[in-house]
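See structure below.
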């Protein structure tokens, strides 16, 4: 498999964690978003939306959108499982993943920040915007996750795959996490886990 | 089951379509987003994020986030299926759903539009913002869906569950769909389908 991604992209980072948890080998093909490589003709020919991540599977087909890619990996490479067996518990884990994937991350995607700057907002206003969405979203996540271990128990799962990259973004944007003890517990635990370490932006081939 | 929703909410509309396609009965409990009922204490006690939709299942547990709710319905009430059997085709359908659910809808959610107004943007600027994200996102959807029938074939599925509510929003915001013939074909077909008719905002108990 080949992964088109960018070291600092939150959604690429999610896919890297899922691949690492499942111990799947992948060739990384970095797409430099700051240089606009995602809008170059050869990449648009592959993925018309011009976004990362995109996963080329061994049959040659290209899968797009991190939620779809991660569910694909879970279906085709079921062990270790990212989701529990019980449908309600699966929905709880997917609920936290969707809250992060729909209600937090899209609001501070690089394309949104560029649009805000085009509307005349300076860095202070853009950072306030980012802080608003991340803080509000993580406050909801804090109430939905469990009291010990990873988000939902002793083993990392789908919610952790989404939360850890979101916390990397929160750190970049200097978000105060002191009010979120459960989230900080999960973050500390993930730091000790080899799959999360392997997927970290600083460890990627395109990291500066 | 009880569905907390709002007639005009894009994500509530998705869940209503999924329920209708699977012919599941649900009691609707409207939450008036314009009156701020989602921020009232009794609703926040149920769903700390203060958002709709939320589905109370018969065991009493509350499921949140439309992507998680719809996957739950697919797992517990598998027929008729919203997703095909083949993992790659499942990923393609989920890719379109995620594109709409992550890259279009979150950018014109009512909370985001309120935040833009708080930053001093007038209706014209807010409408331009909305148009930018819907048009750009639908242009990508147009390239990802199939050449006949619903998004991916003769029967409606997950991508249609997301697309039709997004088109309702596009219509409200006067987005030009003339460049998207595949999308317009799906919209015309859905208009003839009873489940989509039943789930339409105009048919809900809280519609004006």
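Protein chains in written order, with UniProt numbering: chain A, 1 to 208; chain B, 1 to 208. Idealized CB from N, CA, C, for every residue including glycine.
Report the residue from the options whose alpha carbon sits nearest the alpha carbon of residue i.
| i | options | result |
| --- | --- | --- |
| residue 59(A) | 24(A), 112(A), 1(A) and 71(A) | 1(A) |
| residue 99(A) | 111(A), 117(A), 69(A) and 140(A) | 140(A) |
| residue 37(A) | 6(A), 15(A) and 129(A) | 6(A) |
| residue 70(B) | 11(B), 195(B), 184(B) and 183(B) | 11(B) |
| residue 46(A) | 16(A), 82(A) and 4(A) | 4(A) |
| residue 159(B) | 138(B), 171(B), 172(B) and 39(B) | 138(B) |
| residue 189(B) | 204(B), 103(B), 72(B) and 167(B) | 167(B) |
| residue 104(B) | 163(B), 16(B) and 39(B) | 163(B) |
| residue 173(B) | 130(B), 152(B) and 203(B) | 130(B) |
| residue 145(B) | 34(B), 90(B), 64(B) and 76(B) | 90(B) |
| residue 169(A) | 22(A), 108(A), 88(A) and 15(A) | 108(A) |
| residue 171(B) | 135(B), 192(B) and 203(B) | 135(B) |
| residue 22(B) | 177(B), 82(B), 32(B) and 48(B) | 82(B) |
| residue 65(B) | 85(A), 88(A) and 96(A) | 96(A) |
| residue 86(A) | 87(B), 84(B) and 72(B) | 72(B) |
Against chain E, does residue i count as a neighbour if the rule is that its beta carbon must be under 7 Å from one of theirs?
| i | result |
| --- | --- |
| residue 64(B) | Protein chains in the displayed structure are A and B, and chain E is not among them. |
Does any residue of chain B have a CB that is nearer than 7 Å to the CB of residue i?
| i | result |
| --- | --- |
| residue 98(A) | yes |
| residue 195(A) | no |
| residue 85(A) | no |
| residue 88(A) | yes |
| residue 68(A) | yes |
| residue 6(A) | no |
| residue 140(A) | yes |
| residue 13(A) | no |
What number of angstroms, rounded off, separates the C-alpha of residue i from the C-alpha of residue j?
| i | j | result |
| --- | --- | --- |
| residue 199(B) | residue 165(B) | 10 Å |
| residue 20(B) | residue 161(B) | 10 Å |
| residue 126(A) | residue 197(B) | 41 Å |
| residue 156(B) | residue 150(B) | 6 Å |
| residue 101(B) | residue 74(B) | 17 Å |
| residue 52(B) | residue 9(B) | 8 Å |
| residue 25(B) | residue 67(B) | 19 Å |
| residue 114(A) | residue 207(A) | 22 Å |
| residue 55(A) | residue 143(A) | 33 Å |
| residue 50(B) | residue 30(B) | 13 Å |
| residue 182(B) | residue 154(A) | 46 Å |
| residue 147(A) | residue 42(A) | 47 Å |
| residue 62(A) | residue 185(B) | 25 Å |
| residue 205(A) | residue 27(A) | 10 Å |
| residue 39(A) | residue 122(A) | 25 Å |
| residue 152(A) | residue 194(B) | 39 Å |
| residue 94(A) | residue 14(A) | 14 Å |
| residue 175(A) | residue 35(A) | 26 Å |
| residue 77(A) | residue 124(A) | 44 Å |
| residue 111(A) | residue 33(A) | 10 Å |
| residue 57(B) | residue 120(A) | 46 Å |
| residue 128(B) | residue 79(A) | 46 Å |
| residue 92(A) | residue 202(A) | 30 Å |
| residue 106(A) | residue 106(B) | 7 Å |
| residue 118(A) | residue 88(A) | 43 Å |
| residue 133(B) | residue 16(A) | 27 Å |
| residue 48(A) | residue 116(A) | 23 Å |
Using beta carbons (cut-off 7 Å, strictly below), is residue i in contact with chain A?
| i | result |
| --- | --- |
| residue 101(B) | yes |
| residue 95(B) | yes |
| residue 191(B) | no |
| residue 76(B) | yes |
| residue 37(B) | no |
| residue 143(B) | yes |
| residue 48(B) | yes |
| residue 91(B) | yes |
| residue 106(B) | yes |
| residue 61(B) | yes |
| residue 2(B) | no |
| residue 171(B) | no |
| residue 71(B) | yes |
What does residue i pair with, by DSSP beta-bridge criteria?
| i | result |
| --- | --- |
| residue 27(B) | 2(B) |
| residue 173(A) | DSSP, once it has assigned bridges, lists no residue as partnering residue 173(A). |
The ligand NAP heavy atoms versus the CB of residue i: any closer than 6 Å?
| i | result |
| --- | --- |
| residue 106(A) | You won't find the ligand NAP in this model; it holds no ligand whatsoever. |
Worksheet item: Which runs of the alpha helix (DSSP H) spanning at least 4 residues fall entirely within the UniProt domain "GST N-terminal" (1-81) of chain A, listed in chain order?
Response: 10-21, 41-46 and 66-76
- Completely contained alpha helix (DSSP H) runs for the UniProt domain "GST C-terminal" (86-208) of chain B, where each covers 4 or more residues: List check, alpha helix (DSSP H) in window: 87-98, 110-118, 123-144, 158-172, 181-191 and 194-199.
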